[in-house]
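> From first to last, the protein sequence lines stand for chains A and B.
The first sequence begins at 1 in this note's numbering and counts up one residue at a time.
The second sequence begins at 1001 in this note's numbering and counts up one residue at a time.
Once you've had a glance at the structure underneath, I'll fire off some questions.
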Amino acid sequence: MTNKIHWLESAARRAQCETWTLGWSLSRLAELEGTSCRELAAELNCDAATVEWLFLCRSPSTERFAQDVEQIASRFSLDVKRLAGLVRRADAVAALAAPTHDASESMLLAARDRVDDKDNP
Amino acid sequence: MRFPSSEAEISLHQRVLIGDPVAPADLFAHFIEPLMSAMQHDLRCDAENATDSSIDALFEYVRSPSAYSPEKGRLSTFLVQIAKHKAVDRIRSRSAEVRREQEFSSLVEVRDSAPNEKMERSAEAQRLWQKIEQVVENERDRLALALILDGERSTDVLADALGIRVDTQLERQRAVKRHRDRLLKVLERLGERLSDQ
């Protein structure tokens, strides 16, 4: 059992680096909101090990969101509404982070264009 | 701690391919322990390396599941192969790290004014390794020799270090034995030469 807990913790930690996992989006949400894995578990009314299993799941796709969330909730005996709310919040965080990144990139490109224009009038 | 049946493997693979959100977790549930067990049994690697390499292998597979072709063999065999390569990479980088640490510690100790037995042993090991590097020019041979001197006995690890690619386990064992005997002969000759000096 100790061995199992050991690998599960390691795998959940590793999942946070894979962008396709729920571990990636939920860990970013937790980071932004300053919450721990235990608090995520409390919100979902489950134990910390279940959150680690959740981290190993693929994030629900936008096309089949309801179906995917239901499937995950059913597999780990979670409340569908609570899980859906959490995943929506995590998606919102990811969506907010993405345009900021794009905007700063496009601003840099625009600045570079202006410098190029000055160099080559 | 057995791998799932062939049918169960195919079904899991299909689920991973279509992007089933729970499939990666189920994959871990069914494969991680037999994988870790295979790593420890076949490569005799430590529990940490067995765990990390097995985790890496599963993530690599889920990232690009189409790299696996069911017609070429079982999913478990495919995953064991990935995990073994990951484990060998870790052993290699750890051996290199240990060597670097030994070289560094011997250099630090040389700078210390008070000589002691440990320093002499380390300096002597460093001198001997330099002699080995002069005699054994091939990098793969040097890596295999470092592993052998480090007590590595696994055929697969040594075959990987030596770049041996053969189909059967028996051929691999024979090839590794041939190379191992050759390298030990080189060491023996070097020892004789050094004792004559």
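A virtual CB, placed ideally from N, CA and C, is assigned to each residue, including glycine.
Values in this document were obtained by computation on a predicted structure and should not be read as measured data.
1) Since residue 1028(B) and residue 11(A) are thought to touch, with beta carbons under 8 angstroms apart, how far apart are those beta carbons, to the nearest angstrom?
2) Give the residues of chain B in contact with residue 37(A), contact being defined as C-beta atoms less than 7 angstroms apart.
3) For the region 1023 to 1041 of chain B, list every residue whose C-beta sits within 9 angstroms of some C-beta in chain A, in sequence order.
4) Is residue 1187(B) near the ligand PLP, in the sense that its beta carbon is under 7 angstroms from a heavy atom of that ligand?
5) Taking residue 44(A) as the reference, give the member of 26(A), 31(A), 32(A) and 60(A) with the closest Cα.
6) Pairs of beta-carbons, one from the region 1142 to 1152 of chain B and one from the region 1181 to 1197 of chain B, closer than 8 angstroms: are there three or more?
7) Taking Cβ-Cβ distances shorter than 9 angstroms, what residues in chain B pair up with residue 89(A)?
8) Report yes or no: do the region 78 to 85 of chain A and the region 1041 to 1059 of chain B share at least 3 C-beta pairs separated by less than 8 angstroms?
9) Tell me where the alpha helix (DSSP H) around residue 11(A) begins and ends.
10) Going by other Cβ atoms of all chains shown within 10 Å of its Cβ, with 16 needed for buried, is residue 1179(B) buried or exposed?
11) Checking contacts by CB at 8 angstroms: is residue 28(A) closer than that to chain B?
12) Could you tell me which of 5(A), 62(A), 75(A) and 19(A) sits nearest to residue 1032(B), measuring between CA atoms?
13) Taking only three categories from DSSP, how would you classify residue 1001(B)?
14) Leaving out five residues before and five after residue 1060(B) in sequence, what residues of the same chain have Cβ atoms less than 6 angstroms from its Cβ?
15) Residue 96(A) CB to nearest chain B CB: under 8 angstroms?
16) With a threshold of 8 angstroms between beta-carbons, can residue 1046(B) be considered close to chain A, or not?
17) Can you list, in chain order, the residues of its chain whose CB lies under 8 angstroms from that of residue 1013(B), leaving out five sequence neighbours each side?
18) Assign residue 1168(B) to one of two classes, buried (16 or more other C-beta atoms within 10 Å of its C-beta) or exposed (fewer than that).
19) Are any of the Cβ atoms in chain B nearer than 8 angstroms to that of residue 61(A)?
20) So, are the CB atoms of residue 1176(B) and residue 1194(B) less than 8 angstroms apart?
21) Report yes or no: is there a C-beta of chain B within less than 8 angstroms of the C-beta of residue 72(A)?
22) Secondary structure at residue 59(A), three-state DSSP: helix, strand or coil?
23) Taking the runs of the alpha helix (DSSP H) that are 4 residues or longer, which of them lie wholly in the region 1142 to 1183 of chain B?
24) Can you tell me whether residue 1170(B) is buried or exposed? The criterion is at least 16 other CB atoms within 10 Å of its CB, across all chains shown.
25) Would you tell me roughly how many angstroms separate the C-alpha atoms of residue 1088(B) and residue 9(A), rounded to the nearest one?
Quick look at the numbers:
1) The residue labelled residue 1028(B) in the question sits at position 28 within the second sequence. The residue labelled residue 11(A) in the question sits at position 11 within the first sequence. Contact between residue 1028(B) and residue 11(A) holds: CB atoms are separated by about 6 angstroms, below the 8 angstroms threshold.
2) Taking the first residue of the first sequence as 1, we reach residue 37(A) at position 37. None at all; the shortest Cβ gap to chain B is about 16 angstroms.
3) Listed by position, the residues of the region 1023 to 1041 of chain B near chain A (Cβ gap below 9 angstroms) are 1023, 1024, 1025, 1026, 1027, 1028, 1029, 1032, 1033 and 1036.
4) The model on display carries no ligand, and the ligand PLP is accordingly not part of it.
5) Working through the first sequence from its first residue, we reach residue 44(A) at position 44. Distance from the Cα of residue 44(A) is smallest, within the candidate group 26(A), 31(A), 32(A) and 60(A), for 26(A).
6) Touching, yes.
7) For the purposes of this step, residue 89(A) is identified with residue 89 of the first sequence, where counting begins at 1. In chain order: nothing, as chain B lies at least about 17 angstroms away.
8) The answer is no - the region 1041 to 1059 of chain B does not touch the region 78 to 85 of chain A, with fewer than three Cβ pairs under 8 angstroms.
9) Taking the first sequence and counting its residues from 1, one reaches residue 11(A) at position 11. Residues 2 to 15.
10) Mapped onto the second sequence, residue 1179(B) falls at position 179. Taking all protein chains in view, the Cβ of residue 1179(B) is crowded by 16 or more other Cβ atoms within 10 Å, so the residue is classified as buried.
11) Position 28 of the first sequence, counted from the first residue, corresponds to residue 28(A). No, residue 28(A) does not count as interfacial toward chain B.
12) The residue you call residue 1032(B) lines up with position 32 of the second sequence. Minimum Cα-Cα distance from residue 1032(B) among the listed residues 5(A), 62(A), 75(A) and 19(A) corresponds to 5(A).
13) Position 1 of the second sequence, counted from the first residue, corresponds to residue 1001(B). Residue 1001(B): coil per DSSP, three-state reduction.
14) Residue mapping note: residue 1060(B) aligns to position 60 of the second sequence, counting from 1. Taken in chain order, the residues that qualify are 1082.
15) Translated into the one-based positions of the first sequence, residue 96(A) becomes position 96. No - not a single Cβ of chain B is within 8 angstroms of the one on residue 96(A).
16) Translated into the one-based positions of the second sequence, residue 1046(B) becomes position 46. So, not an interface residue.
17) To locate residue 1013(B), count along the second sequence from 1; it is residue 13. So the qualifying residues of the chain are 1065, 1068, 1070 and 1075.
18) Along the second sequence, read from residue 1 onward, the residue named residue 1168(B) stands at position 168. Flag for residue 1168(B) reads exposed.
19) Numbered from 1 along the first sequence, position 61 holds the residue referred to as residue 61(A). For residue 61(A), the answer is yes, since a Cβ of chain B falls inside 8 angstroms of its Cβ.
20) Taking the first residue of the second sequence as position 1, residue 1176(B) is located at position 176. Taking the first residue of the second sequence as position 1, residue 1194(B) is located at position 194. Taking 8 angstroms as the Cβ cut-off, residue 1176(B) and residue 1194(B) do not qualify as a contacting pair.
21) In the first sequence, residue 72(A) corresponds to position 72, counting from 1. Taking Cβ atoms only, chain B reaches closer than 8 angstroms to residue 72(A), which makes this a yes.
22) Translated into positions along the first sequence, residue 59(A) becomes position 59. Of the three classes helix, strand and coil, the one that applies to residue 59(A) here is coil, per DSSP.
23) List check, alpha helix (DSSP H) in window: 1155 to 1162.
24) As a first step, residue 1170(B) must be located in the second sequence, where it is residue number 170. Within a 10 Å sphere around the beta-carbon of residue 1170(B) sit fewer than 16 other beta-carbons, which makes this residue exposed.
25) For the purposes of this step, residue 1088(B) is identified with residue 88 of the second sequence, where counting begins at 1. For the purposes of this step, residue 9(A) is identified with residue 9 of the first sequence, where counting begins at 1. Rounded to whole angstroms, the gap between the alpha carbons of residue 1088(B) and residue 9(A) is 23 angstroms.
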